[in-house]
Structures are given as C-alpha cells and as structure tokens.
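Protein chains in written order, with the numbering used here: chain A, 227 to 582; chain B, 189 to 743; chain C, 612 to 743.
Beta carbons: idealized from backbone N, C-alpha and C, even for Gly.
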Amino acid sequence: MPAERSLSERVAAGEARAVARLISGLEDGEPRAVAALRSLHRATGKAHIVGITGPPGSGKSTLTDKLIRHLRGTGARVGVIAVDPSSPFSGGAILGDRLRMQDHATDPGVFIRSLASRGKLGGLSRATAAAARVLDAAGYDWVIIETVGVGQSEVDIVRIADTVVLVSVPGLGDDIQVIKAGIMEIGDIFVVNKADREGADRVVREIKGMLETAAALSMSQPAALLSQGGHHGASALTGTGAFGSTAMALDETGHPILPPIIKTVAATGEGVAELAAAIAAHRSNLATSGGLEARRLEGAVTEMRGLIAYRLLDELEGPKGRELEARLARAVVDKEYDAYEAADILFAALTQGGRA
Amino acid sequence: MSEIENLRKAIQAWNAGVDKAVAKFPERRTDFVTGSGAPVARLYTPLDLEGRGYQAEIGLPGEYPYTRGVQNTMYRGRFWTMRQYAGFASAEESNKRYKFLLKAGQTGLSVAFDLPTQIGYDSDHPLSAGEVGKVGVAIDSLEDMETLFDGIPLDQVSTSMTINAPAAVLLAMYIAVAEKQGVGPDKLNGTIQNDILKEYVARGTYIYPPEPSMRLITNIFEYCSKQVPNWNTISISGYHIREAGSTAAQEVAFTIADGIAYVEAAIKAGLGVDDFGPRLSFFFNAHNDLFEEVAKFRAARRVWAKIMKERFAAKNPKSLMLRFHTQTGGSTLTAQQADNNIVRVAIQALSAVLGGTQSLHTNSKDEALALPTEASVRIALRTQQIIANESGAAETVDPLAGSYYVESLTNRIETEALAYIKRIDEQGGAVKAIEGGFVQKEIQESAYAYQMAVEKGDRVVVGLNKFQIEEGKPTGLLRVDPSVGEGQVQKIKALKARRDGARVAAALSELEKAAKGDSNLMPPILEAVRAYATLGEVSDVLRKVFGEYRPSVMF
Amino acid sequence: MERKIRVLVAKPGLDGHDRGAKVIARALRDAGMEVIYTGLRQTPEQIVTAAVQEDADVVAMSILSGAHNHLFPRVMELLAEKGVDDVLVVGGGVIPEDDYDFLKSKGIAAIFGPGTPTGSTIEFIRNNLKRK
Numbered sequence: 227m228p229a230e231r232s233l234s235e236r237v238a239a240g241e242a243r244a245v246a247r248l249i250s251g252l253e254d255g256e257p258r259a260v261a262a263l264r265s266l267h268r269a270t271g272k273a274h275i276v277g278i279t280g281p282p283g284s285g286k287s288t289l290t291d292k293l294i295r296h297l298r299g300t301g302a303r304v305g306v307i308a309v310d311p312s313s314p315f316s317g318g319a320i321l322g323d324r325l326r327m328q329d330h331a332t333d334p335g336v337f338i339r340s341l342a343s344r345g346k347l348g349g350l351s352r353a354t355a356a357a358a359r360v361l362d363a364a365g366y367d368w369v370i371i372e373t374v375g376v377g378q379s380e381v382d383i384v385r386i387a388d389t390v391v392l393v394s395v396p397g398l399g400d401d402i403q404v405i406k407a408g409i410m411e412i413g414d415i416f417v418v419n420k421a422d423r424e425g426a427d428r429v430v431r432e433i434k435g436m437l438e439t440a441a442a443l444s445m446s447q448p449a450a451l452l453s454q455g456g457h458h459g460a461s462a463l464t465g466t467g468a469f470g471s472t473a474m475a476l477d478e479t480g481h482p483i484l485p486p487i488i489k490t491v492a493a494t495g496e497g498v499a500e501l502a503a504a505i506a507a508h509r510s511n512l513a514t515s516g517g518l519e520a521r522r523l524e525g526a527v528t529e530m531r532g533l534i535a536y537r538l539l540d541e542l543e544g545p546k547g548r549e550l551e552a553r554l555a556r557a558v559v560d561k562e563y564d565a566y567e568a569a570d571i572l573f574a575a576l577t578q579g580g581r582a
Numbered sequence: 189m190s191e192i193e194n195l196r197k198a199i200q201a202w203n204a205g206v207d208k209a210v211a212k213f214p215e216r217r218t219d220f221v222t223g224s225g226a227p228v229a230r231l232y233t234p235l236d237l238e239g240r241g242y243q244a245e246i247g248l249p250g251e252y253p254y255t256r257g258v259q260n261t262m263y264r265g266r267f268w269t270m271r272q273y274a275g276f277a278s279a280e281e282s283n284k285r286y287k288f289l290l291k292a293g294q295t296g297l298s299v300a301f302d303l304p305t306q307i308g309y310d311s312d313h314p315l316s317a318g319e320v321g322k323v324g325v326a327i328d329s330l331e332d333m334e335t336l337f338d339g340i341p342l343d344q345v346s347t348s349m350t351i352n353a354p355a356a357v358l359l360a361m362y363i364a365v366a367e368k369q370g371v372g373p374d375k376l377n378g379t380i381q382n383d384i385l386k387e388y389v390a391r392g393t394y395i396y397p398p399e400p401s402m403r404l405i406t407n408i409f410e411y412c413s414k415q416v417p418n419w420n421t422i423s424i425s426g427y428h429i430r431e432a433g434s435t436a437a438q439e440v441a442f443t444i445a446d447g448i449a450y451v452e453a454a455i456k457a458g459l460g461v462d463d464f465g466p467r468l469s470f471f472f473n474a475h476n477d478l479f480e481e482v483a484k485f486r487a488a489r490r491v492w493a494k495i496m497k498e499r500f501a502a503k504n505p506k507s508l509m510l511r512f513h514t515q516t517g518g519s520t521l522t523a524q525q526a527d528n529n530i531v532r533v534a535i536q537a538l539s540a541v542l543g544g545t546q547s548l549h550t551n552s553k554d555e556a557l558a559l560p561t562e563a564s565v566r567i568a569l570r571t572q573q574i575i576a577n578e579s580g581a582a583e584t585v586d587p588l589a590g591s592y593y594v595e596s597l598t599n600r601i602e603t604e605a606l607a608y609i610k611r612i613d614e615q616g617g618a619v620k621a622i623e624g625g626f627v628q629k630e631i632q633e634s635a636y637a638y639q640m641a642v643e644k645g646d647r648v649v650v651g652l653n654k655f656q657i658e659e660g661k662p663t664g665l666l667r668v669d670p671s672v673g674e675g676q677v678q679k680i681k682a683l684k685a686r687r688d689g690a691r692v693a694a695a696l697s698e699l700e701k702a703a704k705g706d707s708n709l710m711p712p713i714l715e716a717v718r719a720y721a722t723l724g725e726v727s728d729v730l731r732k733v734f735g736e737y738r739p740s741v742m743f
Numbered sequence: 612m613e614r615k616i617r618v619l620v621a622k623p624g625l626d627g628h629d630r631g632a633k634v635i636a637r638a639l640r641d642a643g644m645e646v647i648y649t650g651l652r653q654t655p656e657q658i659v660t661a662a663v664q665e666d667a668d669v670v671a672m673s674i675l676s677g678a679h680n681h682l683f684p685r686v687m688e689l690l691a692e693k694g695v696d697d698v699l700v701v702g703g704g705v706i707p708e709d710d711y712d713f714l715k716s717k718g719i720a721a722i723f724g725p726g727t728p729t730g731s732t733i734e735f736i737r738n739n740l741k742r743k
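Below you can see the structure in the form of structure tokens.
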C-alpha cells in the first residue's frame with residue numbers, strides 16, 4: 227500500500243482541500259503547517275502576485291471579480307486572497323468578498339480564500355504572505371491579494387505583491403487623502419473606479435498632479451521621500467513602488483515615466499481589459515528590468531520582519547511572557563525599573579533562545 | 189396668564205409630585221419605548237403639540253395634507269378591501285383557493301407567485317429545483333395564467349399581483365387572459381407590486397441592474413396611463429423593509445425615498461407627474477405597537493403629500509394622496525404557541541384600520557411554520573370582518589386624531605423620516621443610497637438591536653422569551669405536493685411542442701431589438717406572451733440585453 | 612494560539628429573506644467567530660466549493676422558501692462526494708418540525724426554527740464542532 231501523501235504533496239498537486247487546510251494551519255500558526263510550507267518553498271516564485279488595495283467602498287472586490295474573468299479568459303489559473311479586518315472587540319470577522327465573485331464560485335481554475343486580518347499588528351495578517359505562497363505552490367498562475375487600504379498597515383500586505391494596484395473612486399471625499407497618507411509611493415498602477423460617476427476626471431487629475439510632484443521631488447532628493455515615509459513604520463523604508471528603491475524608469479528625454487492611471491467601471495467591466503494590460507506590461511517590465519528580483523528581495527524582508535514581529539508577539543502573549551510582563555510592569559510602577567530597563571529585560575528574555 | 193402657561197405650570201407641579209412618588213415606588217422600567225425603540229414619555233398633553241397648526245398639519249379627511257385619510261367619509265362609505273395574499277402549487281390549486289376566498293366574502297384577489305416565477309425562471313430551470321409552487325403559484329406561460337383565472341371574470345375583481353422584476357411579463361399575461369375573456373384592458377382593476385428598489389434592499393427577488401429595471405417600471409407607467417388606466421402600476425413597499433428589521437420611521441423614510449426615485453425616473457423619461465402620480469400606491473406593514481403604527485400611516489400620508497406638492501409640483505389631488513395596502517407583520521408571528529398569533533394579527537389589523545388603510549391582508553396564525561391552511565386563512569379573514577362590523581373602529585373617520593400621544597408620534601415619525609430622506613438626497617437619491625449600502629446598513633442595525641433586546645429580555649415576546657410552555661409538534665400544516673414541479677415541467681414540454689415556434693422566435697427577436705433601443709417594452713412583451721413564449725424565455729432575452737444585478741454590499 | 616471557528620453562512624435556493632442570516636452572521640462574529648457570508652441564491656455546488664476553499668468548520672444555511680428538503684440533502688451529498696466529513700452543517704428558517712428527522716437523517720446536525728436565540732446557535736456550534 228502506498229504511503230498516504232503528505233499535506234505538501236497534496237498542495238503541490240493542487241488539491242483544493244489541502245490548499246485550504248494548509249492556509250488555515252498557517253493562520254493558526256500550526257508547526258505542521260509551517261513545516262509543509264517550508265517543504266514547498268522551492269516550488270514557489272512562479273506566480274505573479276497582484277496586490278489590490280483602496281478605501282472601503284471603492285469596488286475592489288468587483289474589480290477583482292472582473293479581473294479574474296479576464297485572466298481566466300487567457301487560460302490562467304487564478305488564486306484570490308481577500309483580506310477583511312477582524313473586529314477589535316470580539317476578534318471575529320464577517321468576510322463578504324466572495325459575495326462579489328460568485329461567477330467564479332464553482333470554477334475549478336479559481337480558488338478564493340477570505341482571510342480575517344486577525345490584526346494584532348494593525349492590518350498585517352500573519353498568514354497573508356504565507357497564503358499567497360501556498361496558492362503559488364499549488365500552481366495558480368496569478369495570485370490576487372485584495373485588501374482594504376485604510377492605513378499604513380494594509381500597505382504592508384501589498385508589499386509582498388509584485389504589482390500593486392491602488393484603487394480610488396470619486397465621491398468618497400477622502401479618496402485622495404488616503405493616497406496622500408503615504409501610500410502613493412507603493413502604487414504601480416492607479417485605478418479610478420466607478421469612473422461613470424461625477425468627479426472621476428478630477429480624481430484622475432489630482433492623482434496625476436501628485437505623481438508628478440512626487441516624481442519631481444524624488445528626482446531632486448530621493449532620500450527625503452524615504453525618510454518621509456520612515457515614520458510610518460519599518461516597511462516604508464523598503465518602498466518598492468514607482469518611487470521606492472526600485473530605480474525609476476526614465477523616458478528618452480530623461481523624464482520619469484509615471485505609473486498608468488486607468489479609469490474603470492468595475493460593475494460593467496469597462497476599463498478592466500486596460501487594467502489587465504497594464505498589469506501584464508508591468509509584469510514583463512519587471513522581468514526585463516531586473517525589478518522583479520529587487521521586489522522579491524524586499525518582499526522577503528517584509529515577510530521576515532512580519533514573522534519576527536509575530537514571533538515576538540506570540541512569546542510576549544504566551545503565559546510566561548505575560549507573567550514576566552506583569553512583573554516588570556509592577557516594577558516600573560513601583561519605580562524599581564524604568565520602562566527602558568524593563569523593556570531590555572523583557573526583550574532579552576524573549577529573544578535569548580530560551581522562551582521567556 | 190395664557191391657558192398654555194397655566195398648563196405648563198400645572199404639568200410641572202404634577203411631574204414634581206409624580207417623580208417623588210416614583211422615587212419610592214419605581215415604575216416598571218426606567219425607559220419606556222415604542223415597538224421601534226423610540227422613547228415614550230409618561231404623559232402627553234397639548235404642550236407636545238405646540239407650534240403645530242391643525243389646518244396645516246392635520247387638516248380634514250380627503251384634504252391636503254391627508255393626515256386624516258384620503259377619502260372624506262373613509263369606511264362610512266365602504267370598508268377597506270379585504271385581500272388575502274394567496275397562491276401555491278399549481279394554477280389549478282390556486283384557482284380553487286381564489287374561488288374559496290371569493291365565496292367567503294373576500295373582495296379582491298392577491299396573487300402569490302413562487303420564487304422561480306418571481307425571478308424569471310421557468311419551472312424547468314436548474315435553479316428552480318425544489319422551489320416550484322412552494323411559496324406561491326408557478327406561472328410559466330399564458331397557459332398557466334388562463335388556468336389561474338379560469339371562471340373568474342376579470343372585469344369584476346380587482347387583482348393584486350406580488351411581482352416585481354418580471355412585473356411587465358405577468359401584467360402582459362393578465363391583459364392577454366382578459367382579452368381571451370373578452371374584457372378590454374380599460375376594464376381591468378388591480379395592482380402589480382413592480383417595486384424593484386426594495387428588492388435590492390430587503391426582499392431579494394431582483395433580476396436586472398437598477399437602470400434597466402427603472403426603465404421597465406417607467407415603461408409600465410407610460411403604457412398603463414394610456415391602455416390600462418385603472419391599474420395601480422406600482423405598490424411602493426415598506427412591508428419588506430420592515431420585515432427585514434427596520435423601525436417604523438425607517439419604513440416610512442425608505443419607502444418614500446424609493447417613491448421619490450420612481451417619480452424622478454418617470455419624469456426623466458418624459459412623463460408628467462399627474463399622468464402617473466394618481467396610479468402610485470403604497471404597501472405597508474402593521475406591527476404590534478398599535479399607536480405607533482397608526483401614527484406611522486398618518487405620518488406617511490402627510491410626508492408623501494408634501495413631497496408630491498412641494499418637490500414635484502403635482503396638481504392633481506389624486507397625485508398627492510398616499511393610498512396603501514397593509515399586511516400584518518409576518519416577522520411578529522411566533523412559531524411558539526401559534527394560536528397567540530391570532531391576537532397579534534387582530535391588534536395589527538386594528539392599527540391598519542385606525543390608520544386608514546385602503547386594503548388589508550391579515551396573516552394566518554400558522555405562517556411562522558408553513559403556508560396557511562384554509563381553516564387558519566378563514567380565521568384571519570374573519571378577524572378583519574369582526575373589526576369592520578363589530579369593533580366600531582370603522583364608524584367614524586380617523587378616530588385617534590387629536591390624541592396627544594398619537595399626534596406626537598405622528599410628528600416624530602414625520603421628523604425622523606424627513607431626516608433620513610435628506611440624508612438619502614445627499615447621497616444622490618435612493619438608487620445610489622442602496623448601491624452604496626446605506627439603506628441596508630441602517631435596516632440591519634435596527635434588526636440586530638431588536639434581536640439583542642429580545643435575547644436580553646428587554647423586550648418581551650409572549651410565548652417566546654416569557655410565558656413559555658412545553659409544546660408538542662404542531663400538526664395539520666399545509667404541505668405543498670412535491671409533484672407540482674414535475675407537473676409544470678411536463679406542461680412546459682407539451683406547450684413548447686404545441687405552440688407556433690416561428691411566432692415565438694419572431695416575437696422574442698422583436699423584444700430583443702426593442703430592449704436594445706429605447707422604445708416602450710410593454711407591446712413586444714405582450715406580443716411574446718400572446719404567442720405563448722414562456723416567462724423564462726422573455727426574461728432571458730432581457731437578461732441578455734440588460735445583464736443581471738449583482739449585490740455589491742452585504743450589510 | 613486559540614483556533615478561530617470559521618463559519619460559512621449561506622442562503623441556498625431563491626428566497627431573499629436574509630434578515631435571519633445577517634443577524635446570525637453578526638452574532639457569530641460578535642462571539643469571536645470568522646464568518647464567510649456568501650449571500651443569496653447559492654446553489655449547493657457553490658456552497659460546497661466555498662466550504663472547501665474557506666476551510667469552514669461549520670456550514671450554516673438559512674432557507675424560508677420550503678425548498679429545504681431538496682437543497683439541504685444535496686449539500687450533504689456534494690460534501691460527501693468531495694470527501695468532506697468533518698464539517699458541522701446546520702440549518703435554519705421556516706422549516707416544519709415534521710421535516711427535522713428527515714433532514715437529520717441526511718446529516719444536518721441541527722435545525723434552528725423561528726425564534727431561536729442566537730446564543731443557542733452559538734453554543735451548539737461551540738459544543739458540536741467536528742474538528743477540534
């Protein structure tokens with residue numbers, strides 16, 4: 227009798243149940259799942275990962291739905307990871323993105339997985355990057371990560387993507403502000419969705435203006451932009467988009483090539499072909515320019531940092547961590563230690579091999 | 189000192205005294221609320237109505253702003269139409285039920301269609317499996333419609349049809365059946381629900397996206413204003429919004445916001461507000477809080493009259509009158525101690541009558557468990573007849589007017605509804621507010637708050653969270669014969685073999701052409717059903733041209 | 612780390628009465644579960660595919676149209692076909708008690724009729740998970 231196939235073998239064979247189970251295991255931090263993913267590591271790297279982010283109500287899921295259809299038309303297999311926030315009160319979540327992707331619900335070439343951010347560290351989900359790797363290893367040619375972009379933490383999720391699509395929409399009032407809040411530099415492609423609405427052209431103009439300003443700034447003093455992003459967190463240091471550390475492409479006159487801005491009406495599919503073409507162009511551009519390698523190096527950095535942050539958090543929140551933390555907190559309040567000393571002790575205990 | 193000043197003083201003194209007593213002997217609870225959760229004061233007095241003029245706000249029955257009713261004599265002229273929503277299984281079965289109801293003294297028919305019919309699928313469509321004939325009658329073609337009204341002269345009944353996305357098709361079938369009976373369309377009386385916006389929000393039987401759906405609706409308005417002048421072309425429905433969990437004020441607000449959207453769409457399509465305005469009708473729910481419900485109906489009339497007059501400059505008084513059908517609240521019925529539902533229905537029905545309804549459906553006691561049996565439908569109808577003939581509620585016009593409490597509630601609901609309508613206007617109207625999920629979210633919040641109040645025991649539902657008993661399994665429920673689906677499938681097969689296929693194909697291709705253009709779709713739909721094209725065939729042509737609606741918001 | 616309970620909430624069939632499904636989705640979220648909400652008009656095929664891809668611990672279906680005797684068993688059949696035997700499947704809505712035994716014989720673990728407090732459903736789910 228042949229030995230039962232391992233989880234990683236079943237994933238590599240593209241078995242939906244195994245893929246789903248492995249993602250759950252990674253979400254829950256199961257050692258068995260981590261081991262399976264590690265054994266799959268060499269099989270990853272083939273998929274092109276597209277991150278789509280934008281404010282709530284900008285139509286990302288509908289856009290993703292239409293993009294799936296387009297990619298399926300080319301015969302490619304598509305995996306989708308849709309991330310929604312967890313409730314900060316109960317830790318539960320309502321994940322509704324599948325609702326808008328019903329057309330592909332039973333298509334064997336499409337795998338849709340909803341993830342709650344479980345965000346102990348902002349919106350950064352422990353398993354998003356890992357789930358993308360699993361779908362990659364399972365043979366999906368494209369992996370779309372869709373997430374609500376309301377803050378810097380969501381940006382981190384997108385950083386593991388090869389191509390980043392930033393979606394805005396007219397009429398939300400704060401659409402531009404969201405972009406201003408320091409995520410402009412990560413966009414490879416800008417989409418103005420619901421472009422049949424009043425104000426779409428204004429949004430396009432504003433994005434264009436901001437891109438031009440940012441481009442001019444980065445040409446003259448690239449360091450300024452990087453440090454400007456720095457206070458948002460470590461990840462901003464490894465900015466990968468149009469104005470990140472990836473060298474900016476210049477046209478023959480020496481002017482920077484701005485990322486494309488595409489108008490779409492996701493509900494009707496208008497502009498989706500153009501978006502798909504822009505994504506394909508970005509992908510081939512990355513391949514020829516060597517940009518892909520730079521991206522993936524940065525992606526690896528982001529992923530490692532995430533793992534370290536979560537490992538620290540797990541240690542901190544384990545029974546021993548909590549116990550030490552409580553004792554040290556008491557000590558700080560009683561003026562035995564100051565907070566810096568206490569943090570040094572705690573950090574040392576968490577990181578020095580032995581568990582705290 | 190003026191009388192009102194004296195009263196203010198007296199009430200202050202009275203309140204001080206009562207507060208002292210209450211400090212020692214507390215009232216049953218600290219906060220009293222209506223069925224919708226709005227605060228209720230200990231006492232209502234003329235002070236609560238200060239600043240509101242009688243003539244401008246309340247007025248006389250049959251006169252603007254119609255707070256007291258749309259007719260001057262109301263039920264002294266004739267009772268409301270007693271109209272029980274019915275229909276199940278096959279057209280033959282439903283035809284039998286209609287004849288039973290007419291014989292029992294019912295004065296109008298109300299047709300319930302099964303879900304495949306409501307979503308434009310024939311009984312042999314894969315998605316119809318298990319659904320055929322379950323919640324209403326299955327209608328696949330003109331043939332079924334002929335059977336449904338067999339022996340019922342259509343010039344002598346008024347027929348209400350709960351049909352929305354495919355309303356044009358079912359109306360066309362009704363017109364075609366009448367033609368076969370030798371009854372002209374100008375002799376037809378009745379209503380189609382035809383209210384797609386609340387389907388997106390609360391009821392779920394949509395087919396096409398909003399824009400073409402609004403076109404179909406305005407096509408019907410236009411066609412009927414010329415050809416079927418006595419037909420109520422839409423029944424703008426708050427019923428399902430309330431069933432989905434809204435408050436009374438939200439029911440008024442969202443229904444009227446939908447009404448505004450229909451009026452705007454029709455005006456944009458080139459119709460005059462007074463050409464279609466008089467044929468707009470409404471459909472509300474009646475829940476258990478008697479006074480709040482009465483106030484709700486009165487407030488709805490006032491809000492609509494003001495909007496039609498002030499916003500749309502309607503001149504015909506009939507355009508200003510909010511005429512409505514009422515159904516008692518299905519979601520208020522309990523599966524536990526189902527007999528208690530008879531009493532709930534009686535209170536709810538009384539609120540509709542005291543609120544001036546034009547027609548009424550009373551739910552049967554067993555509807556939380558299954559479709560109603562004949563015996564329980566009879567009790568429900570008798571409930572209306574007792575209110576009409578024995579309670580005295582029908583003997584004078586708007587008997588609760590002038591009650592400080594009811595007038596205050598009326599004012600409050602009006603104010604709350606207007607505030608919602610303003611918020612919806614700011615979002616670009618009801619269609620946009622629905623697409624963006626605002627309306628759904630508001631309803632959902634109310635539904636959840638209600639559920640939690642029941643579970644915490646803040647709100648008592650007799651037999652459910654208080655006064656429970658051990659009960660056996662309910663018996664004697666109606667069961668729909670599962671072979672109905674098979675029967676319908678056979679009928680479609682036979683029909684398709686028999687009919688003139690070339691005529692059907694030609695009619696459907698004409699319809700497709702019309703749908704791609706901008707002409708009125710009623711004539712080609714009518715031609716298609718005359719040729720015995722099936723409901724699914726007609727709907728599929730429109731699906732092809734219009735696409736299908738996909739909900740984009742969840743809550 | 613505590614494993615999150617994942618629940619697929621679906622409305623099979625054609626009826627559009629989703630008040631109950633939405634209320635329960637919210638109550639489950641507030642009880643700390645992750646709810647995948649798939650909305651109206653779900654075919655058994657769609658429900659089962661979603662249950663597999665989402666790795667749901669629980670499938671909760673609500674139906675008010677009377678088509679339960681057709682649709683619920685179909686979901687169980689398809690789950691079995693895919694070799695899924697560790698998902699807890701529950702139903703709710705307007706379902707006559709006479710049908711409970713039949714549905715249970717097909718593998719539906721519990722039916723929650725009108726008036727069931729959300730707390731009872733939550734408790735049932737917590738106590739009857741097939742995967743620990």
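Q: Mark Glu656 of chain C as exposed unless 16 or more other C-beta atoms lie within 10 angstroms of its C-beta, in which case mark it buried.
A: Numbered from 1 along the third sequence, position 45 holds the residue referred to as residue 656 of chain C. Result: exposed.
Q) What separation, rounded to the nearest whole angstrom, lies between the Cα atoms of Ile370 of chain A and Lys292 of chain A? A) For the purposes of this step, residue 370 of chain A is identified with residue 144 of the first sequence, where counting begins at 1. For the purposes of this step, residue 292 of chain A is identified with residue 66 of the first sequence, where counting begins at 1. Each residue's Cα considered, the two are about 12 Å apart.
(Q) Just to confirm my understanding: we take Gln454 of chain A, look at its own chain, exclude 5 residues before and 5 after, and list those with CB closer than 7 Å. What are they? (A) Locating residue 454 of chain A in the first sequence gives position 228, where the first residue counts as 1. Confidence is the limiting factor: at Gln454 of chain A the pLDDT is only 37, short of 50, which leaves the residue's position unreliable and the question unanswerable from this model.
Q: Provide the residue(s) that pair with Gly703 of chain C in DSSP beta bridges, ordered along the chain.
A: Stepping through the third sequence from its first residue, residue 703 of chain C is reached at position 92. According to DSSP, residue pairing for Gly703 of chain C in a beta bridge involves C:Ser673 and C:Phe723.
Q) Which partner residues does Ala621 of chain C have in the DSSP bridge list? A) Position 10 of the third sequence, counting from 1, holds the residue named residue 621 of chain C. Ala621 of chain C is bridged to C:Met672.
(Q) Quick check on Asp596 of chain B: does DSSP put it in helix, strand or coil? (A) By 1-based counting over the second sequence, the position of residue 596 of chain B is 408. According to the sequence provided, residue 596 of chain B is Ser. The question's Asp does not apply to it. If DSSP states are grouped into helix, strand and coil, Ser596 of chain B belongs with the helices.
Q. Would Gln678 of chain B be called buried (16 or more neighbouring beta carbons within 10 Å of its own) or exposed?
A. If you number the second sequence from 1, residue 678 of chain B lands on position 490. So Gln678 of chain B counts as exposed.
Q) Given a limit of 7 Å on CB to CB distance, which residues of the stretch 287 to 321 of chain B reach chain A? A) For the stretch 287 to 321 of chain B, there are no residues whose beta carbon sits under 7 Å from a beta carbon of chain A.
Q. Which residues bound the alpha helix (DSSP H) around Trp368 of chain A?
A. As a first step, residue 368 of chain A must be located in the first sequence, where it is residue number 142. Note, Trp368 of chain A: premise wrong, no alpha helix (DSSP H); beta strand (DSSP E) at Trp368 to Val374.
Q) Residues of chain C with CB under 9 Å from Thr288 of chain A, in chain order? A) In the first sequence, counting from the first residue as 1, residue 288 of chain A sits at position 62. Result: empty, since nearest Cβ-Cβ is about 13 Å, beyond 9 Å.
Q) Which bits of chain A does Arg738 of chain B rub up against, with CB to CB less than 9 Å? A) Stepping through the second sequence from its first residue, residue 738 of chain B is reached at position 550. Annotation: Cβ neighbours of Arg738 of chain B in chain A (cutoff 9 Å, chain order): Thr288, Asp291, Leu325, Arg326, Gln328, Asp329 and Ala493.
Q. Of the residues B:Ala716, B:Phe734 and B:Val729, which one's Cα is nearest the Cα of Glu331 of chain B?
A. Start at 1 with the first residue of the second sequence, and residue 331 of chain B comes out as number 143. Selected option, being the one with the closest Cα: B:Ala716.
Q. Could one say the Cβ of Gly299 of chain A lies closer than 8 Å to chain B's Cβ atoms, at least one of them?
A. Within the first sequence, the letter at position 73 stands for residue 299 of chain A. So no, Gly299 of chain A is outside the interface.
Q.
On the criterion of 16 or more Cβ atoms from any shown chain inside 10 Å, does Tyr286 of chain B qualify as buried, or is it exposed?
A. Taking the first residue of the second sequence as position 1, residue 286 of chain B is located at position 98. Around the beta carbon of Tyr286 of chain B, 16 or more other beta carbons lie within 10 angstroms, which makes this residue buried.
**Q.** Alpha-carbon to alpha-carbon, Val429 of chain A and His549 of chain B
**A.** Taking the first residue of the second sequence as 1, we reach residue 549 of chain B at position 361. Taking the first residue of the first sequence as 1, we reach residue 429 of chain A at position 203. Rounded to the nearest angstrom, the two C-alpha atoms are 51 Å apart.
Q. How many angstroms separate the CA atom of Leu248 of chain B from the CA atom of Gly322 of chain A?
A. Position 60 of the second sequence, counting from 1, holds the residue named residue 248 of chain B. Position 96 of the first sequence, counting from 1, holds the residue named residue 322 of chain A. Distance between the alpha carbons of Leu248 of chain B and Gly322 of chain A is about 50 Å.
(Q) For Gln438 of chain B and Leu510 of chain B, I'd like the C-alpha separation in whole angstroms. (A) Residue 438 of chain B sits at position 250 when you count from the first residue of the second sequence. Residue 510 of chain B sits at position 322 when you count from the first residue of the second sequence. Between the alpha carbons of Gln438 of chain B and Leu510 of chain B lies a distance of about 17 Å.
(Q) Output needed for Leu452 of chain A: all residues of its chain with C-beta closer than 6 Å, excluding positions within five of it in sequence on either side, in chain order. (A) Looking up residue 452 of chain A in the first sequence gives position 226. Residue confidence for Leu452 of chain A is low, a pLDDT of 39 falling below 50, so the modelled location carries little weight and cannot support an answer.
Q. Under a Cβ-count criterion, where at least 16 other Cβ atoms within 10 Å of its own Cβ denotes burial, should Asp219 of chain B be classed as buried or exposed?
A. Working through the second sequence from its first residue, we reach residue 219 of chain B at position 31. By the neighbour-count rule (16 or more Cβ atoms within 10 Å), Asp219 of chain B is not buried but exposed.
Q.
Counting C-beta neighbours from all protein chains within 10 Å, is the total for Glu478 of chain A 16 or more, i.e. buried, or is it exposed?
A. Translated into the one-based positions of the first sequence, residue 478 of chain A becomes position 252. Around the Cβ of Glu478 of chain A, a 10 Å sphere holds fewer than 16 other Cβ atoms; the residue is exposed.
Q. Should Gly280 of chain A be flagged as near chain D, meaning a C-beta pair shorter than 8 Å?
A. Of the protein chains in the structure, A, B and C, none is chain D.
Q.
Tell me the rounded alpha-carbon separation between Lys497 of chain B and Asn504 of chain B.
A. Within the second sequence, residue 497 of chain B is the residue found at index 309, counting from 1. Within the second sequence, residue 504 of chain B is the residue found at index 316, counting from 1. Approximately 9 Å, taken between the alpha carbons.
**Q.** Distance between Glu674 of chain B and Arg686 of chain B (C-alpha atoms, nearest Å)
**A.** Taking the first residue of the second sequence as 1, we reach residue 686 of chain B at position 498. Taking the first residue of the second sequence as 1, we reach residue 674 of chain B at position 486. Those two C-alpha atoms are separated by around 19 Å.
Q. What does a CB cutoff of less than 7 Å around Glu602 of chain B pick up in its chain, not counting 5 residues either side in sequence?
A. Numbered from its first residue, the second sequence carries residue 602 of chain B at position 414. Only Ala487, Arg490 and Val491 meet the Cβ criterion.
Q) Who does Lys654 of chain B pair with in a DSSP beta bridge? A) Working through the second sequence from its first residue, we reach residue 654 of chain B at position 466. Lys654 of chain B is bridged to B:Val650.
Q.
Could you check whether Asp414 of chain A and Thr389 of chain A sit closer than 8 Å to each other, using their CB atoms as the reference points?
A. Residue mapping note: residue 389 of chain A aligns to position 163 of the first sequence, counting from 1. Residue mapping note: residue 414 of chain A aligns to position 188 of the first sequence, counting from 1. Cβ atoms of Thr389 of chain A and Asp414 of chain A: closer than 8 Å.
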